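Asker:
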Amino acid sequence: MNRQTKVKHHYVPEVYMKGFSMDDKEKVYVLRKPRHNISSMHPAQIMYDKHLYTVSFQNERSQMIEDFYSEVESELSDAFRLMNELRHSPKEYLEAKNTVEFHQLLKVIIALQFWRTPCQRELAKEYASNLLGLYDSASEMTKKNLGYDRRFIKYLYAHREKDSHLTLIQNSLLPLLTFKMLDEGLIDFSFYVAEQDQGLVLTCDNPVVYSDLNELFEFKVFAFPLTKNIIVASSVDEGALDIYKFNQKIYKQARERVIGSREEYLQEFQRSATEN
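Per the numbering used here: the sequence shown = residues 89 to 364.
Have a look at this one:
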């Protein structure tokens with residue numbers, strides 16, 4: 089049976105946004121930067137574009153990318169539940185930090201989230217112009233996991249100016265070809281957690297924080313809001329991470345929407361943006 093056609097394609101997973109919801113509800117508070125207004129909304133109502141991942145080849149429309157993301161997201165609920173459990177269990181957290189599987193889980197979450205957002209479209213065009221070079225320099229394991237041979241990569245490269253082809257490149261190829269996603273090396277990272285369930289960590293429609301792309305792709309320097317109480321960040325020069333300064337970075341790089349679990353905290357950023 090054919091899957092039901094989806095119109096709304098989320099570029100930030102609903103299951104992820106629920107981790108930033110109010111204590112007793114699944115709704116989150118949403119600050120819209122252009123309008124400086126705050127409202128409460130369900131994650132199903134935000135962070136999506138219509139037919140964002142729909143592609144057309146030879147006059148046939150496919151939702152293969154959206155179906156892939158849907159399958160990934162069905163597994164993410166367990167992953168984010170695990171993150172919260174580790175927050176309350178230092179011993180299990182230290183054990184997880186020494187397992188390749190846990191590191192690869194974090195790599196997948198960050199790599200896919202980075203590339204799936206519409207604001208990376210121009211960057212995708214830039215990297216698509218070197219698609220063959222990226223493929224040729226990739227490891228054999230990466231090539232195997234891509235599921236495409238060089239002939240098809242060459243075809244996509246030749247037609248990279250077409251919208252559907254670029255969509256496939258951005259979402260199916262670039263996460264593997266740019267990030268060291270399958271590398272079994274361990275990341276030097278830490279969890280920065282709230283001592284109490286304060287829900288002060290914010291996220292947005294472009295939540296992977298970085299300053300240098302190459303260092304991000306190698307998972308050397310990065311930060312990412314995992315839940316409303318947890319930030320995962322590389323340990324290099326991080327020290328004691330300041331949540332407010334981190335949230336300022338989240339607000340600054342948000343394309344349009346910033347979300348959190350506390351309205352009064354978002355109001356601080358609203359006032360700050362209005363004054364400046």
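Glycine is no exception: its CB is placed at the ideal position from the N, C-alpha and C atoms. For clarity, every value in this text was computed on a predicted model and none was experimentally measured.
Does the Cβ-Cβ distance between Y298 and F307 come in under 7 Å?
Answerer: No; because the gap between Cβ atoms is not below 7 Å, this pair is not in contact.
Asker: Which residues share a DSSP beta bridge with R149?
Answerer: According to DSSP, which records beta bridges pairwise, R149 is partnered with S144.
Asker: Look at the alpha carbon of E180 and the alpha carbon of E161, and state the distance between them as a whole number of angstroms.
Answerer: Taking the straight line joining both Cα atoms gives about 24 Å.
Asker: R350 by DSSP, collapsed to three states: which one?
Answerer: Three-state DSSP puts R350 in coil, outside helix and strand.
Asker: Just grab the DSSP bridge partners of T291 for me.
Answerer: Bridge partners of T291: I347.
Asker: With a threshold of 16 other CB atoms inside 10 Å of the CB of F277, please say whether the residue is buried or exposed.
Answerer: Under this definition F277 is a buried residue.
Asker: When you compare only the Cα positions, how much space is there between S323 and K185?
Answerer: Each residue's Cα considered, the two are about 12 Å apart.
Asker: Thinking just about the alpha-carbon of each residue, which of Q355, Y353, E344 is nearest to the one in P122?
Answerer: It is E344 whose Cα lies nearest to the Cα of P122.
Asker: Quick one, are the C-beta atoms of P263 and W203 less than 7 Å apart?
Answerer: For P263 and W203, yes; Cβs fall inside 7 Å.
Asker: Rounded to whole angstroms, how far is the Cβ of I331 from the Cβ of P295, which I believe are closer than 8 Å?
Answerer: Rounded, the Cβ-Cβ distance is 14 Å, inconsistent with contact.
Asker: Rounding to the nearest angstrom, what Cα-Cα distance links D293 and V346 in this structure?
Answerer: So the alpha carbons of these two residues sit roughly 7 Å apart.
Asker: Looking at C-beta atoms only, is the number of pairs between the region 92-105 and the region 125-144 that lie closer than 8 Å three or more?
Answerer: Result yes; three or more Cβ-Cβ pairs closer than 8 Å.
Asker: Determine the burial state of A342: buried for a count of at least 16 other Cβ atoms within 10 Å of its Cβ, exposed for fewer.
Answerer: When all chains shown are included, A342 counts as buried.
Asker: Going by beta carbon distance, what residues of the same chain come within less than 6 Å of M229, once the five residues before and after it are set aside?
Answerer: Same-chain partners within the cutoff: L270.
Asker: Mind reading off the beta-carbon distance from Y117 to S349? Whole number of angstroms is fine, and I expect it under 8 Å.
Answerer: Between S349 and Y117 the Cβ distance is about 7 Å, and since that is below 8 Å, they are a contact.
Asker: On the DSSP bridge list, what partners appear for S278?
Answerer: Answer by DSSP bridge pairing, in chain order: A321.
Asker: Identify the continuous beta strand (DSSP E) that holds M135 and give its terminal residues.
Answerer: Run containing M135: none; DSSP gives neither H nor E here.
Asker: Can you list, in chain order, the residues of its chain with a C-beta nearer than 8 Å to that of N317? Leave out the 5 residues immediately preceding and following it.
Answerer: So the qualifying residues of the chain are N172, R175, V281, A282, D285, Q286, G287, L288, V289.
Asker: Should Q146 go down as buried or exposed, given a rule of 16 or more other Cβ atoms within 10 Å for buried?
Answerer: Per the 10 Å Cβ criterion, exposed.
Asker: Report the option in N218, A216, D166 whose CA atom is closest to the CA atom of L194.
Answerer: The shortest C-alpha separation from L194 is found at D166.
Asker: Going straight from the alpha carbon of F312 to that of L254, what length do you get?
Answerer: Straight-line Cα distance between these residues: approximately 26 Å.
Asker: To the nearest angstrom, report how far apart L170 and L329 are at their CA atoms.
Answerer: Distance between the alpha carbons of L170 and L329 is about 22 Å.
Asker: Assuming contact is defined by CB atoms lying nearer than 7 Å, are E272 and V188 in contact in what I supplied?
Answerer: A contact, by the Cβ cut-off of 7 Å.
Asker: Drop a sphere of 10 angstroms on the beta-carbon of F357, count the other beta-carbons inside from all chains shown, and report buried for 16 or more, exposed for fewer.
Answerer: Burial call: buried.
Asker: Can you give the Cα-Cα distance for S109 and E351, rounded to whole angstroms?
Answerer: If I take the Cα positions, the gap works out to 11 Å.
Asker: Identify, in the order they occur along the chain, each residue of the same chain with its Cβ nearer than 7 Å to the Cβ of M89, setting aside the five sequence neighbours on each side.
Answerer: Any reading at M89 must be qualified, since the residue scores a pLDDT of 35, below 50, and its modelled position is unreliable; the value itself is stated next. Cβ neighbours of M89 beyond the five flanking positions: none.
Asker: State the beta-bridge partners of K245 as determined by DSSP.
Answerer: A quick correction: the sequence has Tyr, not Lys, at residue 245. DSSP lists no partner for Y245.
Asker: Between which two residues does the alpha helix (DSSP H) harbouring R120 extend?
Answerer: Where R120 is concerned, there is no enclosing alpha helix (DSSP H), although the beta strand (DSSP E) it sits in stretches over 116-120.
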